[in-house]
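Notes to accompany the following structure.
Okay, here's the thing in C-alpha cells:
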C-alpha cells in the first residue's frame, strides 16, 4: 500500500458510519459474530478494555468500593415487581425458558421447561437489591459500596459494534447509604471519577451534566452523564451515574435501623461504563489511516520494527532492537513501565509499518543496519504524518520517550477539545433555527449535521417531545450553569437552564 | 464467643459437608442466590478470585497468550454439529428461546420467539472455533494462542457453592498449532502452569496426570488434570488441559496452508481453571475456626487491630497503627507490596479478632496503649493456636514479616502434603481390598472413607465401569510412572500403568 493513499476506505468525509466499521476491521479490534448482535472482541480490542479495567478498577477501589459477583440470571418475578410500576413495560432481553437439550432424530430439542423463566441480566439492580436487602441491617453496615465487572445483554434491533451490541461488558457500581445527602454525594463522586478517567486517560473531553426527565434512567431520581462529541458531531454518552433516592430500596426492601433504633429505607446509587468507550476512542481519535490510541490507554505504546535488508544484518539489528526494548521497558510513563513490542515477523517492512499505523500504536521505532552503526533510532509518532521521521540517539531515547508520549497524550486531548468546542453553537435561540441547524444539508450524507447546541430551556418535561421529529435530544443540563436568563429554545418562554442539544448514538 | 470453643459448628470431624457450608458463611465468601444453583460471590471471596486471576493471567500472558472475548450465546446448530458425533447426546444447559418480555394483565410474558434457540455457553469450543476458522489461513497465523476470562453455565442438579454451581467463572484457553507435537507440548505446558500456580500460590499439592478414557473430555484425544486431595480424603479436580488433536479443527473447519502450500487441519488444545479453586482452598486449608488463606493468595495479608480501652488512647494507638501499616506496605512479599488493613470499626476487640480468624487473614497484629509505649506489636499467626502471641519490636517488623509470611506459606503446603501423602495407599492390590477400602466404616458418616489408592491398571476402558458401584473413579494416570509391572486392581491381569483411584467431588 502506497503511503500516498489513506489506509481506510471510505474516509470519514466520504462515509463516516462505514469508515467506523472499516477502522474496527483494519485495526483488528473486533468482529461481528454469527450470534445476532453479539461481537467477538479480538486481542487488540480486548487489550484496550483490559487497560480501561485496570485504571478504573484502581480508582473504584481507592474510593472505597469492593468488587463482588452476582448471578447472570434474574427470575422473571423480580422484573414483574418492577413492571408493576411502569406503564406499558416491555423489555428487549434474552429469556431462558429451558434447562436441557436432548437429541431427537438428529435434532436438538430444548426440554426441561423452567417453572419460572429467567432473564439474562440487562442490568443488575433487582438481583443485587435482593442481596443488599439481606446484607444491610444496621447503620453500621452502611455505606455499602459494591462494584461488579460483568457481561450484560439487551436485545438490540440495530446493533453496531462496540456502540450498541446485544451483549456488552461493563462495570456496574451499586451503593447504599444512610442519608440522601451521602448518596447524592456518591453519585457525583463517581461521575467525577468517570470524567477524570475519560479526559485524562482516554484523552476525550466530556461535558458533565444531569439528564433531563425524558432521558433519565427509569426509576432514578436523577441521572448524571458524561457526554462526548465524536467526529460526525453527534453526541455519545460515555457513562452514567444514577441517584436512585429510596425508589430502589423500597422495591428491593433495603432497610436499616438507624442510630435511634428506627427502621428506614436506604438511599441507593448505581453507575456504569461499558465497552462502548472503545467505540468512543475510535470515533474521537481515529483518522483516515485507522485508530490512534492515546498513550495512556495503549496496551502497546511502542513497537520496534527491525529492518534487515540482508540476512547478515539480522544479528546486529535484532540485538539492538532487544537492547532498546529492554531499556525503554525500564523507563516509566504515567507511573507504569513503558510497554514495548518488537515485531520480528517475517513480513515486508511496509506491510508491518502500515499494520501498526492502522492499529494506532503511538510510537513506531525503526532500527536498520545504519542506525545500529550510528547508535540512533528512527522514530515515527502516530499523531504526525507517516513520513515525518525523527532521528534520536539511542543514549537519549529512554529520557525523551516519556516526554514524547506525554506530548502526544496532550495533543490528542487538545485536538478533540478544539474540534468539539468549534462545533458547539451558542447563538441559536429559536426552535426554527434549531430545526434548520439539525437538518442535513446534503441528503446523501444524513450523518453530517451541525453539532451541539448550547441553549436555554424552560425545564418542562412535556416540551422534550418537540425534539422527536428532529431526532435530537437534550443531552444534558451541564453541571456548570451560567445562571443567566434567556428564552427557552423550545417554547420561547423565559428560561434559565442551560442545556446541550444534539443528535446522538 | 469464647476462644475455648471452635468458631465453626459442626467441626470437620462432626460433619464435613456441613462444616464446608458454615465456613463459606462464616468467612463471608459467598452465598446461595434466589436463582437455582447460582451463587453470589461476596467481596471476601471475590478478592481471592481477583488474586487468582492476577497471578494466572500474568503466567498466561508470559507464555505468549493473548486475551479476547467471545459471545455468551451459542447457536443451537453449533451444538447440533457436535451432537452428530455423540450418541445419546444430552446437555444440561440454559436455553434462550425468546428475546422480549411484554406485560399482559399484570404478568410478564416472554414474546419474540427466536428462530433458532441460543445456548448460554457451557464452554466455548464451538463458538471460538467458528472465529478461529476465519482467523487461521496460513502457517504464518500459527500458533494462535488465545485465552478468555468468562462466566459459563451448566445446569447442575445438585449444586454446591464454589464446587459445582450452575454459573461459574473461569478462564478457558484455546490454541491452534501447525503440528501435533507442538499442540501436545502446549497441553503439557499449560498443565505445568496450573501445577506451579496451585502448588506455589495456593499451597495445595497436586498430582499431575492423564485422565483415563472414561474421564476424558468428550472429543479430546487426551485430557490432563491436576488432582488434589481435600480433608475428607476425596479427590478434587483442580484444572484440566486437553489435547484435542484435529478433532475440533475438523468440526470447526480450522484449516491452514502449510509451508508447502498444502491445506491441513490445525491441531488444537483447550485448558481451564474455575472458581472451584476457591472451594479447594477452603477444603484443603480450612480448620474448625474457618478458612486459612495462604499468604500468597490472601488479598489482605495483615490486619491491624487497634486496641483502645479508653477514648484518650485513640490518638496514640490509631497513629501507631497507621504508621505500622504504612511501613509494612512499603515492604514486599512474593514481589508484591504487603497488603495491610487497619480495622478501625467500632466493635468489641474479641468480635473483630474472631471475624479475621474466620476469614483466614494470615497475620493479625494487635496494637494497644502499652505496645505504643514499648514500641512493640503483638502478632498472631493464623497457622498457630489463637492464644499464641509473639511480641515484636516495631523496628524489626518490616524485616521479619516477609519471613513469617514465607514460613506460613511453606507450612500450609507442608501440612497439606503430609496429610495427602499419609492417605495414599500403595498396598492395595485386589478389587476386593479396594471395595473394602472405599466402603464407609460408619454408615452415619458416608463421607469418611479411605483416601487415594495408587495401584496398577491394565488400561482396558471397559473395566472402568466396575468402579461405578463404588462411586470411585480413576482420577488419573500420574505423569510420573514407575514403569514396574504388577497386577491390575480391576482384573487381576498383568499391568504396568500406575493409576490413582478415589472418590471425588
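Chains as they are written, first to last, in the numbering used here: chain A, 650 to 1154; chain B, 650 to 1154. Here a beta-carbon is modelled for each residue, glycine too, at the ideal position from N, C-alpha and C. No experiment lies behind these values; they were computed from the predicted model shown.
Start-to-end residues for the alpha helix (DSSP H) that takes in residue i
i	result
residue 777/B	774–784
residue 820/B	Element bounds for residue 820/B: not the alpha helix (DSSP H) but the beta strand (DSSP E), 816–826.
residue 935/A	Careful: residue 935/A lies outside any alpha helix (DSSP H) and carries neither H nor E.
residue 706/B	692–711
residue 915/B	Premise fails: residue 915/B is in no alpha helix (DSSP H) and is neither H nor E.
residue 878/A	Unbroken run through residue 878/A is the beta strand (DSSP E), 871–878; no alpha helix (DSSP H).
residue 829/B	829–845
residue 897/A	896–901
Beta carbon proximity, residue i to chain B, threshold 8 Å
i	result
residue 652/A	Here the model assigns residue 652/A a pLDDT of 47, short of 50, so the residue's position is not dependable and the matter cannot be decided.
residue 800/A	yes
residue 705/A	no
residue 1000/A	no
residue 1139/A	no
Whole-Å CB distance - residue i paired with residue j, under 8 Å assumed
i	j	result
residue 868/B	residue 896/B	5 Å
residue 979/A	residue 950/A	Between residue 950/A and residue 979/A the Cβ distance is about 14 Å, and since that is not below 8 Å, they are no contact.
residue 672/A	residue 939/A	6 Å
residue 766/B	residue 725/B	5 Å
residue 1025/B	residue 1042/B	5 Å
residue 850/A	residue 876/A	Not really, about 17 Å apart at Cβ, beyond 8 Å.
residue 1150/A	residue 1083/A	7 Å
residue 666/A	residue 716/B	Wrong, their Cβ atoms sit about 29 Å apart, outside the cutoff.
residue 727/B	residue 772/B	The Cβ separation is near 12 Å, so there is no contact.
residue 732/A	residue 769/A	About 17 Å; that fails the 8 Å criterion.
8 Å Cβ cut-off: residues of chain A touching residue i
i	result
residue 816/B	720, 721 and 722
residue 695/B	715, 716, 717 and 718
residue 667/B	In chain order: nothing, as chain A lies at least about 21 Å away.
residue 748/B	741, 742, 743, 744 and 804
Chain A within 8 Å of residue i, Cβ atoms only
i	result
residue 774/B	no
residue 641/B	With chain B represented from 650 up to 1154, any question about residue 641/B goes unanswered, as that position is not in the structure.
residue 1135/B	no
residue 682/B	yes
residue 728/B	yes
residue 766/B	yes
Per-residue contacts from residue i into chain B (C-beta, under 8 Å)
i	result
residue 1023/A	Result: empty, since nearest Cβ-Cβ is about 32 Å, beyond 8 Å.
residue 687/A	720, 721 and 722
residue 780/A	680, 682 and 689
Under 7 Å by beta carbon: chain B residues contacting residue i
i	result
residue 691/A	717
Chain B contact residues for residue i, given Cβ-Cβ distances below 9 Å
i	result
residue 926/A	Here the premise fails: no neighbours, minimum Cβ distance about 15 Å.
residue 769/A	721, 722, 743, 745 and 769
First and last residue of the uninterrupted beta strand (DSSP E) at residue i
i	result
residue 1188/B	What is shown of chain B runs 650 to 1154, which leaves residue 1188/B out entirely.
residue 764/B	756–769
residue 905/A	904–906
residue 1105/B	1101–1106
residue 1148/A	1146–1151
residue 1127/A	1122–1127
residue 885/B	884–892
Within chain A, the residues that residue i reaches when beta carbons sit closer than 7 Å
i	result
residue 725/B	757
residue 699/B	716
residue 732/B	752 and 757
Considering only residues of the stretch 1033–1096 of chain B, which uninterrupted alpha helix (DSSP H) runs meet the minimum length of 4 residues and lie entirely inside it, listed in chain order? 1043–1070 and 1080–1087
Entirely within the stretch 947–1035 of chain B and at least 4 residues each: give me those alpha helix (DSSP H) ranges in chain order. 963–978, 998–1008 and 1018–1023
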